[in-house]
Amino acid sequence: MEKGLKWEEVNIGDRCGPIEYVITSEMIDGFANAVEDYNDWYMKGSPFNGRIAHPTLTASDQDVLLISKWGSAAGLHAKQSSEFINPARLGKKITVTGEIVDKYIKREKRYLVLEYLAVDEDGREIVRHRKTDVYLFEGGQGE
Amino acid sequence: MNTAKNIQVGDELPTITRHITQGKMTLFVDQLRHRTNIMSPEDFHTQFGIHFDEEFARSKGLPSTVAQAFQPYAYVSELMTNFFGEGWLRGGKLEMSFIKMVCPGDRLDVKGTVKEMIPEGSISRIVFDVWCENQNGEKVAVGTASGLRKRGVS
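As they're listed, the protein sequences go chains U and D.
All residue numbers for the first sequence refer to this note's numbering, where the first residue is 697 and numbers rise by one.
All residue numbers for the second sequence refer to this note's numbering, where the first residue is 12 and numbers rise by one.
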């Protein structure tokens, strides 16, 4: 099977997800090690009733959303924006859903824009993200 | 300088410096694996190999492996968490464009300067110009970040 997100098959309004996972101490520790950010609120405890995850941990869920729907991510990461609404707490299940909100061609490059929202098991909105990718198409990505 | 009361437009935050190593890049990709159990190891390699497999990255026309853009994005978030605390985690906004690849061996300086202060009732939204620049002084990511801070709270 040819793998890959096909430009002509992705449309504004297409939804992807949900994906679900629980915030574990291994996730929090792994992210902290990767970015060398050992804030006490991640590593020990916070004013939010226990340890929390780095606020950008959910950002890369975009790749997972695209892969879960179309079999691959889109391409070069051009832009990213996020609104941090609440911290993601240790032990909480996170559900992430996304929607293609724009698709355009500019200076002969093709762009896909995905908005995605992470919500915890209590219905608390955690982060709203918006990612713009330059669409590549060889079945793999390059950020 | 870190109170909404006494900061001024143009003030700079203390710079964060990160040395980009293949080890850290690989750790960053690895933390994704727990959310990509929908993928076989082969597909994971196809999708993310440019971040940890140099030969694969070169086969894609890249000079070496490249860091995920979410790495500098996380560093800027750290800069903002250090300044705002809760006002970043509840009310922070970050917007960045990624303009140059980041490779192993690069050093990134993560910087922010106050751009604007917007009163919102008893609090202020403080807007920063933020960017990451490499050891050659080239900006690799640029954008704006803002968060909430009670006026006069240190």
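Built from N, CA and C at the ideal position, the CB exists for glycine as well.
| Check | Outcome |
| --- | --- |
| Chain U contacts from the region 61 to 93 of chain D (Cβ-Cβ distance under 9 angstroms) | I61, H62, F67, A68, K71, G72, L73, V77, A78, Q79, A80, F81, Q82, Y84, A85, Y86, V87, S88, E89, M91, T92, N93 |
| Sub-9 angstroms separation of V87 (chain D) and G123 (chain D) beta-carbons | yes |
| Given I781 (chain U) as reference, the closest of D:T26, D:M91, D:T92, D:G103 once Cα atoms are compared | D:G103 |
| Span of the alpha helix (DSSP H) around I781 (chain U) | Run containing I781 (chain U): none; DSSP gives neither H nor E here. |
| Cβ neighbours of W766 (chain U) in the same chain (closer than 6 angstroms, five flanking residues each side left out) | L701 |
| CB contact below 9 angstroms: L119 (chain D) versus chain U | no |
| Where A757 (chain U) sits in the DSSP three-state scheme | The identity of residue 757 (chain U) in the sequence shown is Asp, whereas the question assumes Ala. It is helical. |
| Every unbroken alpha helix (DSSP H) inside the region 28 to 62 of chain D [4 residues or more] | 33 to 41, 52 to 59 |
| Contact between the region 784 to 801 of chain U and the region 22 to 31 of chain D (3+ Cβ pairs under 8 angstroms) | no |
| Same chain, Cβ closer than 7 angstroms to D117 (chain D), neighbours up to 5 away in sequence not counted | I31, N145, Q146 |
| Chain-ordered chain D contacts of P743 (chain U) [CB-CB under 8 angstroms] | E97 |
| Distance between N17 (chain D) and V40 (chain D) (C-alpha atoms, nearest Å) | 40 angstroms |
| Cα-Cα separation between N13 (chain D) and A80 (chain D), rounded to whole angstroms | Any reading at N13 (chain D) must be qualified, since the residue scores a pLDDT of 47, below 50, and its modelled position is unreliable; no value is offered. |
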